[in-house]
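Contents: one structure, followed by commentary.
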Amino acid sequence: LYIDKYFQLRGYILEIQPEKFLFYADPYFDKNYGFYFVNIDNPLPSQSSVGMPLRTINTGDKITLIAQMKGLSSYPLKRPLNIPINNYMLSIRGEDFQNIPLFKGVAIFKLEDNYLTVPQWVNAEILEQFGSRR
315 LYIDKYFQLR GYILEIQPEK FLFYADPYFD KNYGFYFVNI DNPLPSQSSV GMPLRTINTG
375 DKITLIAQMK GLSSYPLKRP LNIPINNYML SIRGEDFQNI PLFKGVAIFK LEDNYLTVPQ
435 WVNAEILEQF GSRR
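Take the sequence shown: its position 99, counting from 1, is numbered 413 in our numbering, and each next residue is one higher.
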């Protein structure tokens, strides 16, 4: 029903691993709240070099995620997570996440970018098709 559909979700990055991250859509921002597993095909931006615009995405960042649903997956937690969100601490302990929605990342924007004009990260397929705007 929802496979291959595109979604816009707003929330927090909880944990970043190579080629994937755990995302929490906050009910404060969105009606589609919950935990999501997101596959990415190129690394998230880290510290930029001198003279380049500063575009970084880190654990705990508030983002708007554009993604395509691919199915359900399990997500192995490597360690307990404690993430400060707004004025509270989100603590996640225990077993792996089982059967959470799996998404393919398409684009990531800072949450403050209401009009989605400055992407912080874009899927490699889109970069190849339209070229880099850096």
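By construction, the Cβ of each residue, glycine as well, lies at the ideal position given by its N, Cα and C atoms.
Practice task
Provide the residue(s) that pair with I414 in DSSP beta bridges, ordered along the chain.
Solution key: Partner(s): S387.
Problem - Start-to-end residues for the alpha helix (DSSP H) that takes in F444 - result: Unbroken alpha helix (DSSP H) run through F444: 438-444.
Handout entry: First through last residue of the beta strand (DSSP E) which encompasses L425
Key = First-last for L425: undefined, no H or E at that position.
Exercise for the section: With a cut-off of 8 Å on the beta carbons, I'd call L358 and I330 a contact; round off their distance for me. Expected result: Cβ-Cβ separation between L358 and I330: approximately 6 Å, consistent with a contact (criterion under 8 Å).
Problem - Rounded C-alpha distance that separates Y350 from D340 - result: Looking at the two C-alpha atoms, the distance is approximately 11 Å.
Handout entry: Spatial neighbours of D344 in its chain, beta-carbon cut-off 8 Å, leaving aside the 5 residues before and after
Key = Counting only residues of its own chain and dropping the five nearest sequence neighbours on each side, D344 has a CB closer than 8 Å to the CB of L323, R324, G325.
Practice task
Give me the Cβ distance between T378 and D427, rounded to the nearest whole Å; I'm assuming they're in contact under 8 Å.
Solution key: That belief holds up - the Cβ atoms of T378 and D427 are roughly 7 Å apart, short of 8 Å.
Exercise for the section: Out of L425, N437, Y402, L386, state which residue places its alpha-carbon closest to the alpha-carbon of Y316. Expected result: Among L425, N437, Y402, L386, the Cα nearest to that of Y316 is on L386.
Problem - Residue interval of the beta strand (DSSP E) (run including S360) - result: No beta strand (DSSP E) contains S360, which DSSP labels as neither H nor E.
Practice task
Would you mind working out which of S405, N356, S360, P415 sits nearest R348, comparing C-alpha positions?
Solution key: Reading off the sequence, residue 348 comes out as Gly, not Arg. Selected option, being the one with the closest Cα: P415.
Practice task
Helix, strand or coil for K376, going by three-state DSSP, please let me know.
Solution key: Three-state DSSP puts K376 in a strand.
Handout entry: Span of the beta strand (DSSP E) around N396
Key = Where N396 is concerned, the enclosing beta strand (DSSP E) stretches over 395-399.
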